[in-house]
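First residue of the sequence shown: 0, per numbering that gives the first Met the number 0; consecutive thereafter. A short write-up of the structure that comes next.
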Amino acid sequence: MRTAKSGVITALALSAVLAWLAWPAPGPNVLLITVDGLRPDRLSCYGGAVPVPNLDWLAANGVLFQHATTDVPWTTPALATIMTGVGANRHQLRLPEQRLSERFETLAQRLQDAGWTTAAVVGAYPADHTTGLARGFGYYEDRYNAPMEYPKARIPRLPSESFDDADAARNYHARKATADSRRTDEAVTDAAIGWLKRHGRRRFLLWVHYFGAQEQRDQLRAAEIERETLVRQYPEHVVRVDREIGHLIDSLDERGWSDDTLVVVLGSHGQDLREHFFVGHGANVYEPGLRLPWVMRFPGRFHSGQRVAAAVQTADVLPTILARLGVGAPAGLSGRDALAPDYVAGDSYAETYLPATAVLSTAVPFEGQQVRLGFVARAVRSGSWKLIRSEPSALLDTKAPPPVPAALPALFLREELYDLANDPGETQNLLAAQPQIAARLRQRLREFTARGEG
Numbered sequence: 000m001r002t003a004k005s006g007v008i009t010a011l012a013l014s015a016v017l018a019w020l021a022w023p024a025p026g027p028n029v030l031l032i033t034v035d036g037l038r039p040d041r042l043s044c045y046g047g048a049v050p051v052p053n054l055d056w057l058a059a060n061g062v063l064f065q066h067a068t069t070d071v072p073w074t075t076p077a078l079a080t081i082m083t084g085v086g087a088n089r090h091q092l093r094l095p096e097q098r099l100s101e102r103f104e105t106l107a108q109r110l111q112d113a114g115w116t117t118a119a120v121v122g123a124y125p126a127d128h129t130t131g132l133a134r135g136f137g138y139y140e141d142r143y144n145a146p147m148e149y150p151k152a153r154i155p156r157l158p159s160e161s162f163d164d165a166d167a168a169r170n171y172h173a174r175k176a177t178a179d180s181r182r183t184d185e186a187v188t189d190a191a192i193g194w195l196k197r198h199g200r201r202r203f204l205l206w207v208h209y210f211g212a213q214e215q216r217d218q219l220r221a222a223e224i225e226r227e228t229l230v231r232q233y234p235e236h237v238v239r240v241d242r243e244i245g246h247l248i249d250s251l252d253e254r255g256w257s258d259d260t261l262v263v264v265l266g267s268h269g270q271d272l273r274e275h276f277f278v279g280h281g282a283n284v285y286e287p288g289l290r291l292p293w294v295m296r297f298p299g300r301f302h303s304g305q306r307v308a309a310a311v312q313t314a315d316v317l318p319t320i321l322a323r324l325g326v327g328a329p330a331g332l333s334g335r336d337a338l339a340p341d342y343v344a345g346d347s348y349a350e351t352y353l354p355a356t357a358v359l360s361t362a363v364p365f366e367g368q369q370v371r372l373g374f375v376a377r378a379v380r381s382g383s384w385k386l387i388r389s390e391p392s393a394l395l396d397t398k399a400p401p402p403v404p405a406a407l408p409a410l411f412l413r414e415e416l417y418d419l420a421n422d423p424g425e426t427q428n429l430l431a432a433q434p435q436i437a438a439r440l441r442q443r444l445r446e447f448t449a450r451g452e453g
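Following this line, the structure appears as structure tokens:
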């Protein structure tokens, strides 16, 4: 009896082995995790006070980039840079109602063409499929169950939509923020793990995007109380998203996939927490909104605890991932493999067009009346020197906006020059004291914007 049972078991085992050999290779897999508003200086793995044991573990067993920045400090265009390896001044996805140009190939498209199964679970409407970020994903879950802002009066659920009319788009997005426009981090994790359970053994790219270190704003609270609340609660949100990242890693462990999965975790952008009298992101190009954490783990491919001191950018994420997988990168990228032996940090560019929208525009006095202006802020960094230029702009999200009076740009143009090595807080404007450096960086800024370099 024992022999017969053993024979049955042996036959079943042999059948299972043959079936396993016939199945496509299970890896390497990619788990890409992006988190809104995550600042490196607050995290314990970067020397900060907020304990993030799961990010600590990833960094201790992989690679941590000490100086990583985005080229645009808010979600939609920042994710476009990550997903294409092309700088924001080239892909030019600047508003959530716009759509990423199809001439830019995404990470998901590249890996899907190379045989990877691709899936995404995103936690907030700036990553809607309507933006074009879903291209190349065989499965894209962007269903939401909570508002980004607590409204004064609850409004019905709004489906994701695209608009040709700028005014209609602006009004829709203003309403969308107070409808179901985000998903709790716990729900994002559950959906991602659910996909992993259904997936099987094919090699995969799974992108998980957390709203994360941000939280809903409450329209009923006074603005100052609201800002204080957001700053005070920030560490709690960071701890929560680290816990959710841990659940994802545990899910890989439970399936025996950890050793053949490249795990990449990074912020999509940073977050201002009262620096320069601002709480949030997207309104300026100061360092708190640009700096972000970036850690990776790929067992057997990295030296554990490796720290990269070079200044890297989010445009480097795509070529860095593809290089680890042995997949060729598209031509004409802005970024490079950040772990290549010959990687050298060059001058970097950043921009934000968010202040050139109707919601964030500024009313300025001019010839006895209030003129509503948008502003575009751009920055270029070369070594430790950084030039910021903010100038008036017509409103980008308003159909047929009134032209900017010719005299206004000169009146409201602002330039700032900082030596980040000696002034990391960007408090001492050295524009007048360093005219030659300012002139050189001003020329570099013109080159970035004119030629689409970056």
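Backbone N, C-alpha and C fix where the C-beta goes; we use that ideal spot for every residue, glycine too.
Asked                                                                                                                 : Found
Separation of proline 408 from leucine 94, as counted between CA atoms                                                : 22 Å
First through last residue of the alpha helix (DSSP H) which encompasses glutamate 286                                : 286–289
Collapsed DSSP secondary structure at glutamine 218 in the structure displayed                                        : Model confidence at glutamine 218 stands at a pLDDT of 38, short of 50, so the residue's coordinates are unreliable; what they give is reported in the following sentence. Three-state DSSP puts glutamine 218 in coil, outside helix and strand.
Residue ranges of each beta strand (DSSP E) within the region 240–312, 3 or longer                                    : 260–266, 293–296, 305–312
Integer Cβ distance of leucine 205 from alanine 118, believed to fall under 8 Å                                       : 5 Å
First through last residue of the alpha helix (DSSP H) which encompasses glycine 373                                  : Looking at the DSSP string, glycine 373 is not in any alpha helix (DSSP H); the run it does join, the beta strand (DSSP E), is 368–381.
DSSP-derived helix/strand/coil call for aspartate 184                                                                 : helix
Anticipated Cβ contact below 8 Å, tryptophan 56 with histidine 268, distance rounded                                  : Not a contact, Cβ separation roughly 24 Å.
Cβ-based burial, alanine 79 [other Cβ within 10 Å; buried from 16]                                                    : buried
Residue ranges of each alpha helix (DSSP H) within the region 313–337, 4 or longer                                    : 316–324
Same chain, Cβ closer than 7 Å to alanine 58, neighbours up to 5 away in sequence not counted                         : Cys44, Val294
Spatial neighbours of valine 120 in its chain, beta-carbon cut-off 6 Å, leaving aside the 5 residues before and after : Glu140, Val187, Ala190, Ala191, Val207
Whether glycine 122 touches phenylalanine 210 by CB criterion (9 Å)                                                   : yes
In DSSP terms, what phenylalanine 365 is bridged to                                                                   : Gln368
Beta-ladder partner(s) of proline 391, from DSSP                                                                      : Phe374
Beta carbon of histidine 198 nearer than 9 Å to that of threonine 116                                                 : yes
Distance between threonine 351 and aspartate 456 (C-alpha atoms, nearest Å)                                           : Outside the displayed span of the chain (0 to 453) sits residue 456, for which this structure offers no information.
With 16 other Cβ atoms within 10 Å as the buried cut-off, status of aspartate 341                                     : exposed
Environment of glutamine 312 [buried if 16+ CB atoms lie within 10 Å]                                                 : buried
The region 277–284 contacting the region 298–311, beta-carbon criterion three pairs below 8 Å                         : no
CA-to-CA distance, aspartate 184 to glutamate 243, given in whole angstroms                                           : 7 Å
8 Å contact criterion, which proline 27 and aspartate 259 should meet: CB distance rounded                            : 5 Å
First and last residue of the uninterrupted beta strand (DSSP E) at asparagine 28                                     : 28–34
Secondary structure, alpha helix (DSSP H): runs of 4+ residues fully inside the region 55–117                         : 74–83, 87–90, 106–112
Counted within 10 angstroms of its Cβ, other Cβ atoms place valine 358 as buried (16 or more) or exposed              : exposed
Stretch pair the region 402–421 + the region 311–330: three plus CB contacts closer than 8 Å                          : no
Leucine 395 versus glycine 255: straight-line alpha-carbon distance, rounded                                          : 49 Å
Distance, isoleucine 32 Cα to leucine 132 Cα                                                                          : 15 Å
Residue burial classification, lysine 385 (beta-carbon count within 10 angstroms, cutoff 16)                          : buried
Beta carbon of phenylalanine 447 nearer than 9 Å to that of asparagine 88                                             : yes
Anticipated Cβ contact below 8 Å, leucine 54 with valine 264, distance rounded                                        : 7 Å
Residues near glycine 86 by beta carbon distance below 7 Å, same chain, minus five either side                        : Asp70, Thr80, Ala314, Ser333, Tyr348, Gly453
Straight-line gap, threonine 356 to histidine 128 (C-alpha atoms, nearest Å)                                          : 21 Å
Closest by C-alpha distance to asparagine 60, when choosing among Gln369, Arg439, Glu96, Gln305                       : Gln305
Rounded Cβ spacing between valine 29 and leucine 261 (contact assumed at less than 8 Å)                               : 5 Å
Proline 391 versus Gly424, Leu338, Pro354, residue with shortest Cα-Cα distance                                       : Pro354
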